[in-house]
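Everything in the sequence shown is counted per this note's numbering, starting at 71 for the first residue and increasing by one. No residue lacks a Cβ here, since even glycine has one placed at the ideal position from N, Cα and C. None of the values given here were measured: they were computed from a predicted structure. Down below is the structure, laid out as structure tokens.
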Amino acid sequence: MTNAGKLSGMVAIVTGAARGMGKAEATLFIEEGATVILTDINDAEGAALADSLGDRAEYVQHDVGDEEEWAELVRHVEQTHGRVDVLVNNAGISIAGLIEDFPLEDFDLMVRVNQRGVLLGMRSVIAPMRRAGGGSIINIASDAAMRAEPEHVVYSGTKFAVRGMTQVAAGELAADGIRVNVIHPGGADTPMLQQSNSAERTAWLVDRIPLKRLAEPREIAEMALFLASKSASYITGADFVVDGGLLLNARN
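Below you can see the structure in the form of structure tokens.
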């Protein structure tokens, strides 16, 4: 791997990077010249991935819902690598259930990871991005932030929240040269989708996607790469739907 690329010289943090979309994003960012700090609670897979990606990859165990862990992570990144240019708030979980019997402990967990984690991430990188002269924050939400998702009342709620927080943050941080955008994947072939959906539900989902397939994680990562790069220098506060046309069915 060379230092040439769209992110040459940049330092990026990718949360939930041990597998799925986070893995694809970290891998692609390394290929495009960035130094990437991969964070997760899945130590074995995260550390193995960082080792495989070479000297510009580092794995850090990190609970995105913990404010002090965010502060320590950002201190470490600045002290070790000198700057923070990109944050991908990718970590997330999905638990399905009907409104009337959804366990409150699962609600609290999903809000902690999917919503609190994104807020803490954005807040934690503001100061270092200001010191770096600007930056790009990329929040990963879901097509469930754009439409009603049966049996996903809490998941949809947290992803709607991420969409709203993205827009507010984009307005607040624009003067600092910090761009904030949100990606809405729809039906990406990741371990989270496989674990939270039966084979029957996955088949039902694919049947509703006009392109008739799930997205590869790399396809989501390509959008993140664009938003992290200088090619997106005039884009902030925007929604980027990568769903194979799934929302077309929601509109019809």
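| Check | Outcome |
| --- | --- |
| Counting contacts by CB-CB distance shorter than 7 Å, is ILE111 in contact with chain E? | In summary, chain E is missing from the structure at hand, where a single protein chain is found. |
| With a CB to CB cut of under 7 Å and the five nearest residues on each side skipped, what residues in its chain are close to ARG182? | GLY135 |
| For ALA308, which of THR97, GLY241, VAL84 and ALA88 has the nearest alpha-carbon? | GLY241 |
| So if DSSP puts TYR304 in a beta bridge, which residue, or which two residues, is it bridged to? | TYR304 pairs with nothing; no bridge assigned. |
| The beta strand (DSSP E) that contains LEU157, what's its start and end? | 156-159 |
| Since VAL68 and ALA202 should fall inside the 8 Å C-beta cutoff, what is the C-beta to C-beta distance between them, to a whole number of angstroms? | Here the chain covers residues 71 to 322 and nothing more, so residue 68 does not appear. |
| Compute the beta-carbon to beta-carbon distance between LEU98 and ALA291, rounded to the nearest angstrom, for a pair I have assumed lies under 8 Å. | 4 Å |
| Could you tell me if PRO287 is buried or exposed, where buried requires 16 or more neighbouring beta carbons within 10 angstroms of its beta carbon? | buried |
| Comparing alpha-carbon positions, which option in ALA82, LEU295, ARG89 and GLY103 lies nearest GLY75? | GLY103 |
| What separation, rounded to the nearest whole angstrom, lies between the Cα atoms of ALA294 and LYS282? | 23 Å |
| Are there 16 or more other CB atoms within 10 angstroms of the CB of GLY124, so buried, or fewer, so exposed? | exposed |
| Pick from MET262, SER303 and PRO255: whose alpha carbon is nearest that of LEU317? | PRO255 |
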